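Enquirer: Using our numbering, you'd call the opening residue of the sequence shown number 413 and step up by one each time.
Even glycine gets a Cβ: it sits at the ideal position worked out from N, Cα and C.
Since the model is a prediction, treat every value here as computed from it, not as a measurement.
Input: one structure, supplied below.
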Amino acid sequence: MQYRRFGKTGVKVSALGFGCMRFPTLGDDNSQIDETQATEMLRYAIESGVNYIDTAYVYHGGKCESFVGKALQGGYRERIYLATKMPVWLVENYGDFDRFFDEQLEKLGTDHIDFYLMHALNKERWGKIVDLDILKWIEIEKAKGRIRHIGFSFQDSYDAFVKIIDDYDRWEFCQVQYNYMNEEFQAGTKGLKYAFSKGLGVIVMEPILGGNLANPPEIIKGIWNEAIPKRTPADWALQWVWNKPEVSIILSGMSYMQQVIENVESADIARIDKFTQDELDIVASVRDKYREIQPIPCTDCRYCMPCPNGINIPHNFMIYNMGKMYNKIPRVKQWFASMKENGSSAASCIQCGECEEKCPENIKIMEWLSTITKELDK
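Take a look at the structure:
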């Protein structure tokens with residue numbers, strides 16, 4: 413296993429981290445982890461050199477931390493760095509910080525968390541927990557030794573990312589969504605470089621875009637099949653991220669043993685700045701082809717927002733594009749149904765036209781919202 417320096421923490425972490433949000437389950441109930449299979453997978457990864465295990469309060473219906481605590485018994489806890497996260501959107505007062513954290517320590521069967529994250533921070537959530545004096549709480553817990561290193565995972569714009577980093581000079585690491593299709597999404601490449609310049613360790617989640625890049629449509633497969641060297645689409649995606657000098661860890665949410673085996677093998681050969689220009693060009697050609705088959709040319713500029721009828725227009729466009737680009741229509745139909753319940757789906761469009769007057773790309777928004785509803789509202 414390859415190990416990399418984790419920012420200013422001084423810790424060496426495995427290039428591959430085990431993300432614990434996609435364990436195999438018994439049937440369709442996400443909260444019912446197949447503990448026999450999942451334990452085998454987790455321990456195989458540790459025995460293969462993976463030393464960073466990432467879980468969270470809400471994973472697998474709130475049952476993941478308890479399972480991970482059991483799976484790490486028998487000496488495995490001592491062999492790894494354990495990471496979990498504060499569910500900041502559930503925090504209502506200062507006492508909640510202690511309440512959630514104490515519960516997490518008990519579930520995980522440990523007296524400390526090696527790497528503790530504020531979960532899914534955005535500008536609004538960050539402001540909320542700062543007002544509740546989260547910085548004081550962090551310092552107290554670090555002084556007690558119950559938190560060894562502090563960081564955050566992130567879901568917002570680049571500007572919000574910079575603000576969060578700059579607001580607190582004791583951040584030691586961050587976790588961002590990043591892959592070859594998302595260089596300008598959320599923190600993006602600029603965010604990676606900014607965090608790295610501040611001495612933060614950088615963890616990448618969704619390197620295969622939730623598995624979407626692993627099983628491409630035929631037109632994309634054709635490019636990969638002709639590419640040299642020979643790699644699976646998933647391995648191309650992983651190696652592209654590992655090639656970045658700013659990246660310390662890739663988190664993979666693995667759902668069966670074969671994925672663990674393949675990802676460990678990929679991590680063994682991953683190197684920084686390993687890609688040739690030809691390889692970078694191949695990935696760029698795949699990215700360009702994906703964008704060619706993207707039906708709606710939305711840039712997520714959000715000039716169309718807010719919609720007077722409560723529709724999240726960019727999100728509707730995003731899930732529709734994902735369904736078409738990555739052959740995931742059944743999956744995005746489920747997302748659409750959830751959005752319809754809260755009134756943010758395209759089905760709520762009343763064809764007022766206010767959005768089209770603001771769109772710099774001149775997208776026929778009303779027509780696309782109608783198309784999305786016809787195709788996904790089933």
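At the level of alpha carbons, what is the spacing between L650 and C764?
Expert: C-alpha separation (whole angstroms): 44 angstroms.
Enquirer: Are the stretch 443-460 and the stretch 497-504 touching by the rule of at least three beta carbon pairs closer than 8 angstroms?
Expert: Not touching, per the Cβ criterion.
Enquirer: Which residues mark the beginning and the end of the beta strand (DSSP E) in which S664 is found?
Expert: It spans I661 to G665 - the beta strand (DSSP E) in which S664 sits, taken as one unbroken run.
Enquirer: Identify the continuous alpha helix (DSSP H) that holds R743 and give its terminal residues.
Expert: Unbroken alpha helix (DSSP H) run through R743: I741 to E753.
Enquirer: In the DSSP assignment, what residue or residues form a beta bridge with Q589?
Expert: Partner(s): M617.
Enquirer: Since G722 is in the beta strand (DSSP E), which residue starts that stretch and which ends it?
Expert: It is not in any beta strand (DSSP E) - G722 carries neither H nor E in the DSSP assignment.
Enquirer: Let me check one thing: in DSSP terms, what residues is A427 bridge-paired to?
Expert: Answer is none; A427 lacks a bridge partner.
Enquirer: Could you say which of E787, I615 and G481 lies nearest to K656 if we only look at CA atoms?
Expert: Nearest of E787, I615 and G481 to K656, Cα basis: I615.
Enquirer: Taking 7 angstroms as the limit between beta carbons, can you name the residues of its chain near Y702, skipping five residues before and five after?
Expert: Around Y702: M593, I632 and M737.
Enquirer: Let me make sure I understand the geometry here. Which of R743, P720 and F748 has the alpha-carbon closest to that of E766?
Expert: It is P720.
Enquirer: In or out: G429 buried (at least 16 other Cβ within 10 Å) or exposed?
Expert: So G429 ends up on the buried side.
Enquirer: Provide the residue span of the beta strand (DSSP E) that contains L529, from first to last.
Expert: Unbroken beta strand (DSSP E) run through L529: I525 to L533.
Enquirer: Anyone know if the C-beta pair for L547 and Y590 falls short of 8 angstroms?
Expert: No. Outside cutoff.
Enquirer: Does the beta-carbon of A717 have 16 or more other beta-carbons within 10 angstroms, so that it is buried, or is it exposed?
Expert: This sequence places Met at residue 717; Ala is not what is there. It is exposed - the Cβ of M717 has fewer than 16 other Cβ atoms within 10 Å.
Enquirer: Check for me: the alpha helix (DSSP H) holding F512 runs from which residue to which?
Expert: Note, F512: alpha helix (DSSP H), Y506 to L520.
Enquirer: Which partner residues of Y493 appear in the DSSP bridge assignment?
Expert: Partner(s): Y464.
Enquirer: What did DSSP end up calling Y415 once you bin it into helix, strand or coil?
Expert: Strand.
Enquirer: Give a yes or no on whether the C-beta atoms belonging to A679 and S443 are separated by under 8 angstroms.
Expert: For A679 and S443, no; Cβs fall outside 8 angstroms.
Enquirer: Could you tell me how far apart the beta carbons of I492 and Y464 are, in whole angstroms, since I believe they sit closer than 8 angstroms?
Expert: That belief holds up - the Cβ atoms of I492 and Y464 are roughly 7 angstroms apart, short of 8 angstroms.
Enquirer: Could you pull out every residue in the same chain whose Cβ sits closer than 7 angstroms to the Cβ of I458, ignoring the five residues on either side in sequence?
Expert: Counting only Cβ-Cβ distances below 7 angstroms, and skipping sequence neighbours, we find Y488, R491 and I492.
Enquirer: Kindly list the residues whose CB is nearer than 8 angstroms to the CB of M506, restricted to its own chain and excluding five residues on each side of it in sequence; keep chain order.
Expert: Position check: residue 506 holds Tyr in this sequence, whereas Met was assumed. Around Y506: L544, D545 and W549.
Enquirer: Starting from R703, trace the alpha helix (DSSP H) both ways and give me its first and last residue.
Expert: First-last of the alpha helix (DSSP H) with R703: Q689 to E704.
Enquirer: Just to confirm my understanding: we take V462, look at its own chain, exclude 5 residues before and 5 after, and list those with CB closer than 6 angstroms. What are they?
Expert: Excluding sequence neighbours, V462 sits near S426, L428 and F430.
Enquirer: Using DSSP's beta-bridge definition, name the partner residues of I562.
Expert: Per DSSP, Y528.
Enquirer: What's the gap between the Cα of D514 and the Cα of G521?
Expert: Each residue's Cα considered, the two are about 11 angstroms apart.
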